[in-house]
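In terms of our numbering, the sequence shown opens at residue 291 and continues consecutively.
Just so you know, even glycine gets a beta-carbon here, dropped at the ideal spot from N, CA and C.
Source: prediction; values computed, not measured.
Heads up: the structure comes next, in structure tokens.
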Amino acid sequence: MRNTFTYCTAVIVCIVFFNSGFLTAQIIQTSNKENSEALRTQKRVESYLKLKKMGYEEKEIFEDLGNANFLSENYDNALFWYDKLKGYSPNGQLSSNYQKRYRYALRKAMGIEVSSMPEHQDWLTMMKSDYQLERNPFENSSQDYVAENRKSRNMSLKTEYFSNKQSRDKKKNYPLNLQKLNPENVYDSPIALTSDGNTAYFSKAVYQKPLHGIFSKKELVHKIYQARKVKGEWKNIKEVALCPKYFSALHPTVSHDGKRLFFASNMPGSLGDYDIYVAKVSSDGHLGIAKNLGKKVNTEKNDLYPNLVDQNTLVFASEGRQGQGGLDVFMVQVERNNVGLAVNLGSQINSKEDDFSIGFKSNDGMGYVMSNRGKTKESVHQVAFSFGNERNKKYLDKREFDLAKVLNSNSDVDYTTSVYEDD
């Protein structure tokens with residue numbers, strides 16, 4: 291009897307120890323699983339916060355992280371981010387390519403069988419197609435100035451077909467074939483020529499990958515280039531550094547003496563979307579620090595198309611000031627170290643549509659304004675006007691300014707101290 295009791299006791303003790311070991315193993319296994327899940331959650335949060343800090347929208351973050359994990363064959367993480375993406379998709383449905391990747395990840399991560407899903411697909415090529423920028427809608431368009439979405443920070447501009455040289459009689463206009471210089475150029479930019487005709491400045495659009503983003507689409511930015519005329523041919527074409535790499539500089543116009551270059555840019559420090567800037571040009575062609583012309587010229591909206599009509603008289607288009615409607619043409623006196631007050635040229639020049647610039651045909655009081663006030667907004671016209679005679683002056687409203695007064699106004703306002711220096 292005693293032996294039987296001892297045996298039963300031993301069995302019970304073994305069972306207790308066995309169950310204890312089994313429970314301990316379960317606890318350890320559960321703990322490891324929880325730690326793994328916590329680590330995975332932490333990595334997801336870190337990845338999200340990193341892209342969020344870079345300024346990306348929720349939808350872009352979910353796309354990028356889902357695709358990155360899919361290509362890395364981390365299918366459970368890919369599913370997590372694709373599920374998040376559904377919340378930003380129409381009716382909670384992913385697009386065709388994303389849905390294919392989602393279904394494939396389901397099969398790989400959870401063993402869920404998906405009908406008509408081939409094992410091998412060129413996922414990378416398919417994914418690249420999701421990030422392709424749509425064909426530039428302005429590639430074959432002409433005679434248009436501003437895209438409909440002028441207020442966008444990444445404003446795209448259409449073709450313009452005049453240069454500041456049209457406003458200068460008695461100056462020979464040296465042709466510069468931009469198509470030959472830049473066969474892939476999708477933006478026919480204005481050309482600014484120095485008085486001797488040997489240096490040209492022009493802007494062109496280029497596709498550039500943004501600074502941040504795993505699969506970010508290439509964006510359209512504008513850069514200003516300089517070309518030198520050597521023995522009758524344009525050579526030594528190079529980009530001039532006027533703004534940070536990922537921002538735009540466009541619409542160059544050069545002073546009569548070639549020592550100042552005015553242009554528009556959306557670089558950091560701008561008061562609005564696009565501002566007017568000026569940079570000094572040294573004798574060897576190098577450009578100095580770009581200076582913002584300040585609140586006397588620039589506004590919280592777009593200020594564009596600077597155009598010098600003589601040595602110190604700058605005209606430009608603005609949509610940030612009270613005017614006739616759309617973009618209005620303004621004029622301001624710009625001396626070497628100061629700038630005057632910008633004034634609206636009034637209803638004889640501006641209209642309720644977009645007006646971009648003015649030029650002078652001769653010295654007999656005749657000129658033209660560039661405007662889309664025609665039958666359709668898709669075309670730009672040269673609208674002739676006269677100025678300087680008493681018959682026209684009497685029609686000016688008290689709120690408007692006499693063109694002759696503008697041309698002879700004094701400049702006593704300093705430039706802003708807001709500058710950009712490219713290190």
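Work out the CA separation of Gln-383 and Arg-334 for me, nearest whole Å. Against the sequence shown, residue 334 aligns to sequence position 44. Against the sequence shown, residue 383 aligns to sequence position 93. Going by the C-alpha atoms only, they are around 23 Å apart.
If I'm right that Lys-513 touches Ala-539 with Cβ under 8 Å, what's the distance once you round it to whole angstroms? On the sequence shown, position 223 is the one that residue 513 refers to. On the sequence shown, position 249 is the one that residue 539 refers to. 6 Å between Cβ atoms; contact.
Rounded to whole angstroms, what is the Cα-Cα separation between Val-568 and Lys-525? Locating residue 568 in the sequence shown gives position 278, counting from the first residue. Locating residue 525 in the sequence shown gives position 235, counting from the first residue. Between Val-568 and Lys-525, the C-alpha separation is close to 25 Å.
Buried/exposed call for Met-557, threshold 16 Cβ in 10 Å: Residue mapping note: residue 557 aligns to position 267 of the sequence shown, counting from 1. Buried, since its Cβ has 16 or more Cβ neighbours within 10 Å.
CB of Asn-597 within 7 Å of CB of Val-605, strictly: The residue you call residue 597 lines up with position 307 of the sequence shown. The residue you call residue 605 lines up with position 315 of the sequence shown. Closer than 7 Å, so yes.
Could you give the first and the last residue of the continuous beta strand (DSSP E) run that contains Asp-618? In the sequence shown, the residue the question calls residue 618 occupies position 328. Element bounds for Asp-618: 618-623.
Can you tell me where the alpha helix (DSSP H) holding Leu-369 begins and where it ends? Translated into positions along the sequence shown, residue 369 becomes position 79. It spans 365-376 - the alpha helix (DSSP H) in which Leu-369 sits, taken as one unbroken run.
Taking 7 Å as the cut-off, decide whether the C-beta atoms of Leu-594 and Tyr-564 are in contact. Residue mapping note: residue 594 aligns to position 304 of the sequence shown, counting from 1. Residue mapping note: residue 564 aligns to position 274 of the sequence shown, counting from 1. In contact: Leu-594 and Tyr-564 (Cβ atoms closer than 7 Å).
Is the separation between the beta-carbon of Val-629 and that of Leu-577 shorter than 7 Å? The residue given as residue 629 occupies position 339 in the sequence shown. The residue given as residue 577 occupies position 287 in the sequence shown. Going by C-beta atoms, Val-629 is not nearer than 7 Å to Leu-577.
Val-571 beta carbon less than 7 Å from that of Lys-591: Counting from 1 along the sequence shown, the entry for residue 591 is found at position 301. Counting from 1 along the sequence shown, the entry for residue 571 is found at position 281. Not in contact: Lys-591 and Val-571 (Cβ atoms no closer than 7 Å).
Can you tell me which of Phe-360, Gly-575 and Ser-545 puts its alpha carbon nearest to the alpha carbon of Arg-626? Position 336 of the sequence shown, counted from the first residue, corresponds to residue 626. Taking only the C-alpha atoms, the option nearest Arg-626 is Ser-545.
Kindly indicate which three-state DSSP category Lys-349 falls into: helix, strand or coil? By one-based count along the sequence shown, residue 349 stands at place 59. Residue state, collapsed to three classes: helix.
Kindly give me the distance between the Cβ atoms of Tyr-378 and Glu-348, rounded to whole angstroms, as I take these residues to be in contact under 8 Å. Residue mapping note: residue 378 aligns to position 88 of the sequence shown, counting from 1. Residue mapping note: residue 348 aligns to position 58 of the sequence shown, counting from 1. Between Glu-348 and Tyr-378 the Cβ distance is about 6 Å, and since that is below 8 Å, they are a contact.
State buried or exposed for Gly-615, treating a residue as buried only when at least 16 other CB atoms are found within 10 Å of its CB. For the purposes of this step, residue 615 is taken as residue 325 along the sequence shown, with counting starting at 1. So Gly-615 counts as exposed.
Use the C-beta contact count for Gln-516: other C-beta atoms within 10 angstroms, 16 or more gives buried, fewer gives exposed. For the purposes of this step, residue 516 is taken as the residue at position 226 of the sequence shown. Buried: at least 16 other Cβ atoms inside 10 Å.
Measuring only the C-alpha atoms, how far is Glu-336 from Phe-370? In the sequence shown, the residue the question calls residue 336 occupies position 46. In the sequence shown, the residue the question calls residue 370 occupies position 80. One C-alpha to the other measures close to 14 Å.
Nearest residue (CA-CA) to Ser-386, options Asp-420, His-410, Thr-603 and Leu-355: One-based indexing of the sequence shown puts residue 386 at position 96. Measuring from the Cα of Ser-386, the nearest candidate turns out to be Asp-420.
Indicate the three-state DSSP secondary structure (helix, strand or coil) for Ala-399 in the structure shown. For this step, residue 399 is matched to residue 109 along the sequence shown. Three-state DSSP puts Ala-399 in a helix.
Spatial neighbours of Lys-508 within its chain, please: C-beta separation below 7 Å, excluding the five flanking residues on both sides. Stepping through the sequence shown from its first residue, residue 508 is reached at position 218. Within the same chain, Lys-508 has close Cβ partners Leu-423, Tyr-497, Gln-498 and Lys-499.
In the structure shown, what three-state DSSP assignment does Leu-577 receive? What you label residue 577 is simply residue 287 of the sequence shown in a count that begins at 1. Leu-577: strand per DSSP, three-state reduction.
Excluding sequence positions up to five away, which residues of its chain have a Cβ less than 7 Å from the Cβ of Ala-399? In the sequence shown, counting from the first residue as 1, residue 399 sits at position 109. Taken in chain order, the residues that qualify are Tyr-365, Asp-366 and Leu-369.
In angstroms, rounded to a whole number, what distance separates the CA positions of Ile-579 and Ser-573? Locating residue 579 in the sequence shown gives position 289, where the first residue counts as 1. Locating residue 573 in the sequence shown gives position 283, where the first residue counts as 1. Straight-line Cα distance between these residues: approximately 15 Å.
What residue range is occupied by the uninterrupted beta strand (DSSP E) comprising Tyr-497? Position 207 of the sequence shown, counted from the start, is the residue given in the question as residue 497. First-last of the beta strand (DSSP E) with Tyr-497: 489-498.
Alpha carbon of Ser-362 to alpha carbon of Glu-403, nearest angstrom: On the sequence shown, residue 362 is found 72 positions in, with the first residue counted as 1. On the sequence shown, residue 403 is found 113 positions in, with the first residue counted as 1. Rounded to the nearest angstrom, the two C-alpha atoms are 21 Å apart.
What would DSSP say about Ala-554, mapped onto helix, strand or coil? The residue you call residue 554 lines up with position 264 of the sequence shown. In this structure, Ala-554 counts as strand in the three-state DSSP scheme.
Assign Asn-387 to one of three DSSP states: helix, strand, or coil. For the purposes of this step, residue 387 is taken as residue 97 along the sequence shown, with counting starting at 1. Correct three-state label for Asn-387: helix.
Taking buried to mean at least 16 other C-beta atoms within 10 Å of its own C-beta, is Glu-353 buried or exposed? What you label residue 353 is simply residue 63 of the sequence shown in a count that begins at 1. Label assigned to Glu-353: buried.
C-alpha gap between Ser-555 and Gln-601, whole angstroms: Working through the sequence shown from its first residue, we reach residue 555 at position 265. Working through the sequence shown from its first residue, we reach residue 601 at position 311. Those two C-alpha atoms are separated by around 22 Å.
C-alpha distance - Gly-562 paired with Lys-521, whole-angstrom precision: As a first step, residue 562 is located in the sequence shown; it is residue number 272 there, counting from the start. As a first step, residue 521 is located in the sequence shown; it is residue number 231 there, counting from the start. Using only the alpha carbons, I get a separation of about 42 Å.
Would you kindly work out how many angstroms separate the C-alpha atoms of Gly-649 and Leu-635, rounded to a whole number? Stepping through the sequence shown from its first residue, residue 649 is reached at position 359. Stepping through the sequence shown from its first residue, residue 635 is reached at position 345. Between Gly-649 and Leu-635, the C-alpha separation is close to 13 Å.
Any idea if Thr-489 is buried or exposed, counting beta-carbon neighbours within 10 angstroms, 16 or more meaning buried? Here residue 489 refers to the residue found at position 199 when the sequence shown is read from its first residue. With 16 or more other Cβ atoms within 10 Å, it is buried.
Within its chain, find whatever has a CB closer than 6 Å to the CB of Glu-609; leave out the 5 residues flanking it on each side and keep chain order. The residue you call residue 609 lines up with position 319 of the sequence shown. Lys-591, Asn-592 and Leu-617, listed in sequence order.
Rounded Cβ spacing between Ala-632 and Val-619 (contact assumed at less than 8 Å): Numbered from 1 along the sequence shown, position 342 holds the residue referred to as residue 632. Numbered from 1 along the sequence shown, position 329 holds the residue referred to as residue 619. Not confirmed; about 10 Å, so no contact.
Quick check on this structure: which residue in Thr-589, His-410, Pro-542 and His-541 has the alpha carbon closest to the alpha carbon of Ser-560? Walking along the sequence shown from the start, residue 560 turns up at place 270. Answer by Cα proximity: Thr-589.
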